[in-house]
């Protein structure tokens, strides 16, 4: 329960029940529109978590607001400055959302294949989010990402930063933000199982190792050359307010950093010494050979050091010249077990308090130490000197030259209040003031180029004709950088007129992402369009229950389209978006009833006409109880219902065919749609890759589709073969492999390129280039992948040549001899030991063989036509306009043809177990079809 009081605790008001501990925030002035607004994460009656806001004086149900639509993950709400963060897990993957200055939530965009397992918000200072993300292939490290102002688009700042677990199980990232100098961070990065300390002065754009001191504490030279040897620091900040931790810096002493660490090739827990820098990390000095706690007094004009030890002490060390020299002082007559040290409030103070005990049985002792008597005067203007912040001689830091005033080291006077920086002068913008924009990666030559998964033209997808958008140059200015002129104009995104586009990539989804709804309750549909003129499009939505609506433009549907279904059943919801340049349509099958996490439809990419193929619904998790499978073929509106996860069918017409399966488990229904190409003949070639590609393979469908596209482009460039002949499909699992299909197609003259000679010639060209190692692509800067040929297989090829009499006679003779051999074996098989067993084993092996053109994942939806080009085969954003109804024969995998089941009123009234479902009396139902012993096949995802 969460209570509030506006009467200094005399009376308390209950705000909300079921509030998650430590997940409530009081809005600060300037960040929220209402200063008395409370942000909290609360648990609902059914166990879900919601983000709720309400006024502190009145938090009734009527005044509560839910800024984030739907539920969120438990313990995920963070309100920090101008930003609000929540997490939502779906499909086994966490998704992160952000609201900037209380605007509507938007999904945070990380690089496509970062696939985060965990995220921690490090900092939200200066209108930017610094986040640590643990990606799919990381265990004890995190990657640092930095965002744009709104906190939506993130780019990589540093990889493989060391992490550890605290005493309470909390994750601690080895990253330290230096106080007093914006944009300056220290981080411990793991490289080949070695941890090294790096420093940045420009918010992670550039990182460098720390230069070790030239001499040790005794003045002996230290031979330590970069990059083989450097200074490494422990960056743990103490959770105890009475101890200083491993590193310390102060806003009022911007150039001074004190930390513990070691010199060598990597960070070590042995031979720890204390180091100090008085020029913001450019040079370092060794000050102690053992760990000490350091306290800042008088704006860093006085540094107080106490030894870290379990033994009693009575001495401390003072430095008045930024750690260059130290004097030993006694603060107590008897040795004291020191438990902590506190400075008086205010950085200009010269008073500190040491607390501890003389023995383990004695009471606490407080020792107050006042250093005012050491100074006989306050500092005057002539006691200071100017000091310019720099990074190894570079004076422009974050686009400005900053000059501070520091007390001269030989002057022993009391400073008083902090005066801050003397001057700040903007610098002319250079390339160093710009980082790579979202979707771009920095290459070895310093250029920012698009990543292989990023399409720069996607920036224009959300605007309409007559409007403009910011067209990225691949660079973005580092947030809080103050540079002016120079190359700023060249690197800044340019406003550009939105191009007119036909609708593409249309999707219709429910607001909660589910395909189920309760009868009589509001269902909110969201219409999403990847590309097209949003403002000049007509939207038509048919809810499938006899009701349809139309909208003049997509902006009028931003809050969703609400509809209430009065009957139970499966409804085919269709949406059509059209403008003067074209149209696109999408379908959603909604189950209105009374849960399964992932379904994957496995079937071949390409098959031959009239060949029997198998479609299998692969589920995760595989054991979820009794299941009902609902299948759609082509544009048939009547589904086929089975209790088996596999179904066999054939296609008798060439062209593109779509298959959709929905799997129902209780109240959870999931769907997958695949497209299969049907040809009379084609060839396929198995491809393999350089072994290092496996290190970057997260084994998910999106990655495989992108790599397939990249490999296809590399093949076309290496061979000059038309892309219409080629289809590439990367297969699931490791090691990474792919199937290359050589396909016939219909060219612009109407001539069909379908002869065996054509395909054979193309196959030989491809194999030759692959064997010569001429097919390759760059996965990322410095990572080059070679593509190799494994083996070639061919679909049945028909001999169309007229001169075939000789070969026909040879074939006839062969058939006769084979027939005689079979007859003899059959007649005397009982006399040949082991032959029957061998034949049975061989038959089982044949059934287990997988066709070389077998597909384990989808290719995107494409238009159906008589013969399609490979570009159409892999483009999932084209609309579906069938020109011929596919002719498919569907069979039960065990016995005969499955019976079509028609939805009836009896079935619509049934809610729950599929066993309650009763078909029409005239429908013939095979006993094995309704058997609960459904055969399920589990294939790799």
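Numbering (the UniProt record's numbering), first residue to last: 1 to 941.
Cβ coordinates follow ideal geometry from the N, Cα and C atoms, glycine included.
Query, Result
"Option nearest residue 48 by Cα separation, candidates 478, 64, 18, 60", "18"
"Where residue 719 falls: helix, strand or coil (DSSP)", "helix"
"Identity of the residues DSSP links to residue 41 by a beta bridge", "51"
"Cβ-Cβ separation, residue 59 to residue 38 (assumed contact under 8 Å), whole Å", "7 Å"
"Residue of 1, 619, 643 minimising C-alpha distance to residue 627", "643"
"Three-state secondary structure (DSSP) of residue 949", "Residue numbering for the chain in the displayed model covers 1 to 941; residue 949 lies beyond these limits and cannot be assessed."
"Pick from 132, 136, 601 that is closest to residue 147, judged by C-alpha positions", "132"
"Selection from 544, 164, 710, 57 that minimises the alpha carbon distance to residue 455", "710"
"Backbone CA spacing between residue 450 and residue 318 [nearest angstrom]", "54 Å"
"Simplified DSSP assignment, three categories, for residue 546", "coil"
"Runs of alpha helix (DSSP H) lying entirely within the segment 73-100, each at least 4 residues, in chain order", "none"
"Closest by C-alpha distance to residue 119, when choosing among 108, 126, 128", "108"
"Residue from 743, 193, 672 with nearest C-alpha to residue 655", "743"
"Nearest candidate by alpha-carbon position, reference residue 104, set 161, 176, 68, 263", "68"
"Distance, residue 568 Cα to residue 900 Cα", "Note that residue 900 has pLDDT 34, beneath the 50 cutoff, so the model's placement of it is unreliable and no number is given."
"CB contact flag (residue 229, residue 265, <8 Å)", "yes"
"Sequence ranges, beta strand (DSSP E) only - wholly within the segment 682-707, length at least 3", "683-689"
"Spatial distance of residue 844 from residue 649 (CA atoms)", "Bear in mind that the predicted position of residue 844 carries a pLDDT of just 34, short of 50, making it unreliable; the figure below should be weighed with that in mind. Computed Cα separation, rounded: 21 Å."
"Proximal residues to residue 44 (C-beta, below 7 Å), its chain only, five neighbours per side dropped", "50"
"The segment 221-237 contacting the segment 198-210, beta-carbon criterion three pairs below 8 Å", "yes"
"Run of the alpha helix (DSSP H) containing residue 489, from where it starts to where it stops", "488-491"
"Beta-ladder partner(s) of residue 564, from DSSP", "522"
"Contact between the segment 732-743 and the segment 681-688 (3+ Cβ pairs under 8 Å)", "yes"
"Presumed contact (8 Å Cβ cut-off) between residue 128 and residue 409, rounded CB distance", "Rounded, the Cβ-Cβ distance is 36 Å, inconsistent with contact."
"Inter-stretch contact at 8 Å, needing at least 3 Cβ pairs: the segment 183-193 / the segment 153-165", "yes"
"Beta-carbon proximity list for residue 5, same chain, < 8 Å, skipping 5 on both sides", "11, 12, 13"
"Residues near residue 292 in its chain [Cβ-Cβ closer than 7 Å; skip 5 each side]", "274, 305, 306, 307, 308"
"Where residue 942 falls: helix, strand or coil (DSSP)", "Absent from the structure is residue 942, since the part of the chain shown begins at 1 and ends at 941."
"Given 8 Å, three or more beta-carbon pairs between the segment 479-498 and the segment 420-432", "yes"
"Among 640, 16, 448, nearest to residue 56 - alpha-carbon criterion", "16"
"Sequence-distant residues of its chain with Cβ nearer than 7 Å to residue 812 (five each side left out)", "Annotation note: pLDDT 44 at residue 812 (below 50); position unreliable, coordinate value reported separately. Closer than 7 Å at the Cβ level, and outside the excluded window around residue 812, lies no residue."
"Identity of the residue in 90, 66, 130, 111 nearest residue 81 by Cα", "130"
"Beta carbon of residue 257 nearer than 8 Å to that of residue 173", "no"
"With 16 other Cβ atoms within 10 Å as the buried cut-off, status of residue 215", "exposed"
"Selection from 334, 679, 79 that minimises the alpha carbon distance to residue 608", "679"
"With 16 other Cβ atoms within 10 Å as the buried cut-off, status of residue 547", "exposed"
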